[in-house]
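Numbered per UniProt numbering, the sequence shown spans residues 1 to 304.
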Amino acid sequence: MNDGRQYFPGTVLVTGGHGQLAHSLGRAGGDDIRVVGRPEFDFDRPETVDMVMEAHMPAIVINTAAWTAVDAAEQDVAGAMRANRDGPALLARGCARREIPFIHVSTDYVFNGQKGTPYRETDTVDPRCVYGLSKAEGEAAVLAAHDRSIILRTAWVYSAHGRNFVRTMLKAGETRPELRVVGDQFGNPTSADDLASGIIDIVARLRAGGWHAGYGGIFHAAGYGAASWYDLASVVMDEAHALGRPRPGIVPIATADWPTPAYRPADTRLDTQRLYEVFGVRLPDWRESVRTVVHQACETEAAG
1 MNDGRQYFPG
11 TVLVTGGHGQ
21 LAHSLGRAGG
31 DDIRVVGRPE
41 FDFDRPETVD
51 MVMEAHMPAI
61 VINTAAWTAV
71 DAAEQDVAGA
81 MRANRDGPAL
91 LARGCARREI
101 PFIHVSTDYV
111 FNGQKGTPYR
121 ETDTVDPRCV
131 YGLSKAEGEA
141 AVLAAHDRSI
151 ILRTAWVYSA
161 HGRNFVRTML
171 KAGETRPELR
181 VVGDQFGNPT
191 SADDLASGII
201 DIVARLRAGG
211 WHAGYGGIFH
221 AAGYGAASWY
231 DLASVVMDEA
241 HALGRPRPGI
251 VPIATADWPT
261 PAYRPADTRL
271 DTQRLYEVFG
281 VRLPDWRESV
291 RTVVHQACET
301 EAAG
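As structure tokens, this is what we get:
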């Protein structure tokens, strides 16, 4: 019997093909995942958006494409806005025309970091850098364009693939006897593999049960537990040392001692309860996931 609900079998299109999360989704999602990136799909060439959607005819679209260079965004506002606001809005409109769900990945940097407790989805955004502003405006544009949009705010994403803090620490630890790491910024370290697994679980729920009105809107999707950059670096170095690598000293420093062009929010811990209540998804503790990624990264480097 048809209950009137729309189900979504078929191809899942993942954008942002050269990034960490797209890489993890491609590995985790099975044969029906199609990962696209430049030059085939490029927000700087808006015509490619509809061309790719027409070519793949997806049942669900997951957007991981983004401008993530926080400091560089201060010098290229237009570029950040194209990638983080205009491009996602274009994708959302394409999904709306096709009446398919759109999953869009956003960031903790939409907040100013001054609340003092974990942020919930209902808290007011107040970005203090161009990157955060472009992502906040992207969220608003996506929600305005398509009511079947799921926005996942995440934070401090790392993996054994691509450029990220964990891999940077591993490389630095090989040659430096001491590392100075910011100790007064706090957030949720998030494994790209864990986030990808959570997204695949959401996709599976959409396919099995169709769309529900409560699915739309913003959700926080980040690793369980909070840390400072110093805390994260310490776990990385401890695990690497257990695998036979040198263990440099790690010195916590203040944000003021590590000036950057873009403002960094001090405390963007995310409350992820709503994601669990609606989709049954809770990402693992960040410490265990960091240890897994350190093992993967060290094995990859050892293999050449």
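Built from N, CA and C at the ideal position, the CB exists for glycine as well.
Reduced DSSP secondary structure (H/G/I, E/B, other) of residue i
i, result
"leucine 152", "strand"
"glutamate 178", "strand"
"arginine 38", "coil"
"leucine 13", "strand"
"leucine 21", "helix"
"alanine 262", "coil"
"histidine 241", "helix"
"glycine 249", "strand"
"valine 157", "strand"
"alanine 140", "helix"
"leucine 283", "coil"
"valine 294", "helix"
"valine 125", "coil"
"aspartate 267", "strand"
"histidine 56", "helix"
Cut-off 8 angstroms between Cβ atoms - residues of its own chain near residue i, not counting five sequence neighbours on either side
i, result
"arginine 229", "Residue identity differs from the one stated: residue 229 is tryptophan in this sequence, not arginine. Same-chain partners within the cutoff: Phe165, Val181, Val182, Gly183 and Gln185."
"alanine 297", "Ala160, Val166, Arg167 and Leu170"
"glutamate 174", "Arg245 and Pro246"
"threonine 73", "Looking at the sequence provided, one finds alanine at residue 73 rather than threonine. Contacts found: Trp67, Gly79, Ala80, Cys129, Val130, Tyr131, Ser134 and Ala262."
Whether residue i touches residue j by CB criterion (7 angstroms)
i, j, result
"alanine 196", "leucine 13", "no"
"arginine 269", "alanine 226", "yes"
"aspartate 285", "tyrosine 215", "no"
"arginine 82", "phenylalanine 43", "yes"
"alanine 28", "threonine 64", "no"
"phenylalanine 111", "proline 265", "yes"
"tryptophan 67", "alanine 55", "no"
"serine 281", "aspartate 193", "The amino acid at residue 281 is misidentified as serine; the sequence shows valine. Cβ distance not < 7 angstroms, so valine 281 and aspartate 193 don't count as in contact."
"alanine 208", "threonine 272", "no"
"histidine 104", "valine 49", "no"
"arginine 148", "proline 101", "yes"
"glutamate 137", "arginine 205", "no"
"aspartate 267", "glycine 113", "yes"
"glutamine 75", "glycine 162", "no"
"isoleucine 151", "serine 106", "yes"
"glycine 187", "aspartate 108", "yes"
Nonlocal neighbours in the same chain, by C-beta distance under 6 angstroms from residue i, ignoring five residues either side
i, result
"glycine 10", "Ala59"
"glycine 87", "Phe43"
"serine 234", "Ile250"
"cysteine 95", "Val61, Phe102 and His146"
Minimum C-alpha distance to residue i - residue among the options
i, options, result
"proline 189", "Ala256, Gly16, Met81 and Arg153", "Arg153"
"arginine 176", "Ser134, Val203, Gly249 and Ala145", "Gly249"
"alanine 78", "Pro39, Asp123, Leu133 and Ala155", "Leu133"
"glutamate 40", "Arg247, Met53 and Gly30", "Met53"
"valine 130", "Ala160, Ala262 and Arg274", "Ala262"
"aspartate 71", "Ser159, Gly209 and Arg128", "Arg128"
"glutamate 239", "Thr292, Ser106 and Leu143", "Thr292"
"valine 61", "Val203, Gly116 and Gln114", "Val203"
"methionine 57", "His104, Ala80, Pro259 and Asp32", "Asp32"
"glycine 30", "His104, Pro46 and Ile199", "Ile199"
"alanine 155", "Lys115, Tyr119 and Ala256", "Tyr119"
Cut-off 7 angstroms between Cβ atoms - residues of its own chain near residue i, not counting five sequence neighbours on either side
i, result
"glutamate 299", "none"
"valine 236", "Val166, Met169, Leu170, Val290 and Val294"
Run through the stretch 161–216 for me and flag every whole alpha helix (DSSP H) of 4 or more residues, listed as ranges in chain order. For secondary structure counted as the alpha helix (DSSP H) over 4 or more consecutive residues, the stretch 161–216 holds these complete runs in sequence order: 165–175 and 192–209.
Enumerated in chain order, which unbroken segments of the alpha helix (DSSP H) with a length of 4 residues or greater are wholly contained in the stretch 64–103? Counting whole runs of 4 or more residues, the stretch 64–103 contains the alpha helix (DSSP H) stretches 70–73, 77–81 and 87–98.
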